[in-house]
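Visitor: Shown below is the structure under consideration.
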DNA sequence: TGACAAATACTCGACTCAGAGTATTCTGTC
DNA sequence: GACAGAATACTCTGAGTCGAGTATTTGTCA
């Protein structure tokens, strides 16, 4: 019902909104949408209201007057506290300076790729590349348009960043496709055999037990993975 | 208590495990760890048991005998059903072929960057770059080591992918640092001014209302964002 | 002026996840 | 041979998330 930890970045977005001026939750949501923050931070009502509640419980924001206009539902206007301002800055500093491990859907797909028949894979990867390329094109078109209209680049950094990552992904996948087709990935035989005979490639090939860093450490440099 | 949707990739990992042979949940978790799948898929006990329960409820797996050895807690061995096999393949196909929007922590940080004083930002970005570079180095060292020991590259694709993305991020951040320092980002004045005077850069500069695609569409090409 | 869509402002309940806690058994070592 | 600690195999609780649902008001177009 409420974030005691720094799990949900929506809470941070709320803090930054209230840092500008006191607002009621719905107004916060509108502000975030107008500014396109919802492209980078998951925003939905259920979470918003519980996040706000949680922030209040932690003393980072304060609910003031409950105003009722006409017979609309009453609105509680919140303002940020000093503790809230501190927490906002600290959190933001950490977000920017400390990389955290993210669990991406595609990563999961890659890790489990063996369960698909190898002859299907290339086609699927091609589809992905095609989809991503059209997305990238649209996004960059939109961004240049918005910049032309005068929005400072500062507010489009996340879009730039996203595009950069997507381009890198496309390149990597293209390379992977090439490697599979040229046989440079190797092991296609065993992969196929596994699907046809039921022999487990894992058992045949290799055993990772005792490989330091292969099943424990890895990639937690930085902080404990948020959430 | 159970995933009716395709929210949690752990459920897919469970399906692929059971596709090889029937197992009880704890054994699944060990298998996944051995193979390093837990680097790409969030794995913890609470989730595992509810995910398994959910898969059974959906008829994708079947719990069989409850075995009790000695006086250890009893174990239920599950096997995958035909429906489960189908779902596994479909899901995996989608994961690989359809890109989905991911909400990254750093993206959130970038979107809210304005709330930090500009003079601090470069230092923070430098820290990030340093941390990432050491992670990348360690990871690639580990991967080459593992490959030398004979693990087929097929099972390290996610690691390669991760590294590729991290390198792209590092490059992008380096560029950003350069742009800020050379003044090419622009707007540093207003940014600073905002922090010192309390004037809202948003209100001064620009208004995004009515910009098509800036607050609604964007990046949902593909499917409804999982979860 | 009536009617229908969009905006306003939340509420609610069902689901989902995390991870500490529990109870037992094996393993190594001095 | 006895004791610590790792491994086995879960269970339980409560926090957190999602998004459809609700109820009013404002805009709009014929």
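Residue numbers (this note's numbering), protein chains in the order written: chain A, -9 to 217; chain B, -9 to 217.
Yeah, the Cβ is synthetic: ideal placement off N, Cα and C, and Gly gets one too.
#1: Looking at the C-beta of residue 50 (chain A), does it have a partner C-beta in chain B at a distance below 8 angstroms?
#2: First and last residue of the alpha helix (DSSP H) that includes residue 163 (chain A)?
#3: Helix, strand or coil: how does DSSP classify residue 11 (chain A) here?
#4: From residue 21 (chain B) to residue 7 (chain B), what distance separates their C-alpha atoms?
#5: Can you have a look at residue 1 (chain B) and say buried or exposed, based on whether 16 or more other CB atoms are within 10 angstroms of its CB?
#6: Does the beta-carbon distance from residue 67 (chain A) to residue 55 (chain A) come in below 8 angstroms?
#7: From which residue to which residue does the alpha helix (DSSP H) around residue 39 (chain B) run?
#8: What's the gap between the Cα of residue 195 (chain B) and the Cα of residue 141 (chain A)?
#9: So is residue 151 (chain B) buried or exposed if we call it buried at 16+ other beta carbons inside 10 Å?
#10: Given that residue 78 (chain B) touches chain A, what residues does it touch there, using C-beta distances under 7 angstroms?
#11: Are the region 22 to 31 of chain A and the region 96 to 112 of chain A touching, with three or more C-beta to C-beta distances below 8 angstroms?
#12: Would you say the region 69 to 86 of chain A touches the region 81 to 100 of chain B, given that touching needs at least three Cβ pairs under 8 angstroms?
#13: Could you name the residues of chain B that residue 96 (chain A) contacts, counting a contact when the two beta carbons are closer than 9 angstroms?
#14: Measuring alpha carbon to alpha carbon, tell me which residue in B:13, B:-2, B:65 is nearest residue 37 (chain B).
#15: In the DSSP assignment, find the unbroken alpha helix (DSSP H) run with residue 186 (chain B) in it and report its ends.
#16: Candidates A:158, A:136, A:116, A:31: which alpha carbon is nearest residue 88 (chain B)'s?
#17: Checking contacts by CB at 8 angstroms: is residue 6 (chain A) closer than that to chain B?
#18: Please decide whether residue 9 (chain A) counts as near chain B, where near means a Cβ-Cβ distance under 8 angstroms.
#19: Is the beta carbon of residue 30 (chain A) less than 8 angstroms from the beta carbon of residue 148 (chain A)?
#20: Can you find a CB in chain B that lies within less than 8 angstroms of the CB of residue 168 (chain A)?
#21: If contacts are defined as beta-carbon pairs under 8 angstroms, then residue 136 (chain A) and residue 144 (chain A) qualify, I think. What distance do you get, rounded to the angstrom?
#22: Going along chain B in order, which residues have a C-beta closer than 9 angstroms to the C-beta of residue 176 (chain A)?
#23: Any beta-carbon of chain B closer than 8 angstroms to the one on residue 125 (chain A)?
#24: By DSSP, does residue 16 (chain B) sit in helix, in strand, or in coil?
#25: With 8 angstroms set as the bound, which would you pick, yes or no: does the beta-carbon of residue 38 (chain A) sit closer than that to a beta-carbon of chain B?
#26: For residue 214 (chain B), which of helix, strand or coil comes out of DSSP?
#27: Quick one: which chain A residues come within Cβ less than 7 angstroms of residue 99 (chain B)?
#28: Decide if the region 163 to 181 of chain A is in contact with the region 110 to 129 of chain A; the criterion is three or more beta carbon pairs, one per stretch, under 8 angstroms apart.
#29: Can you tell me whether residue 31 (chain A) is helix, strand or coil according to DSSP?
#30: Please compile the residues from chain A whose C-beta is within a distance smaller than 8 angstroms of the C-beta of residue 118 (chain B).
#31: Is the Cβ of residue 45 (chain B) closer than 8 angstroms to any Cβ of chain A?
Guide: Once the coordinates are examined:
#1: no
#2: 147 to 171
#3: coil
#4: 8 angstroms
#5: buried
#6: yes
#7: 35 to 47
#8: Here the model assigns residue 195 (chain B) a pLDDT of 46, short of 50, so the residue's position is not dependable, and the following value carries that caveat. Going by the C-alpha atoms only, they are around 7 angstroms apart.
#9: buried
#10: 105
#11: no
#12: yes
#13: 85, 86, 89, 90, 92, 148, 151
#14: B:-2
#15: 178 to 187
#16: A:116
#17: yes
#18: yes
#19: yes
#20: no
#21: The pair is not a contact, with the Cβ atoms about 12 angstroms apart (cut-off 8 angstroms).
#22: 142, 143, 144
#23: yes
#24: helix
#25: no
#26: Residue placement at residue 214 (chain B) is flagged as unreliable, the pLDDT there being 38, under the threshold of 50; the coordinate-derived value follows with that caveat. The answer is coil: DSSP assigns residue 214 (chain B) none of H, G, I, E or B.
#27: 82, 85, 86
#28: yes
#29: coil
#30: 86, 87, 88, 89
#31: no
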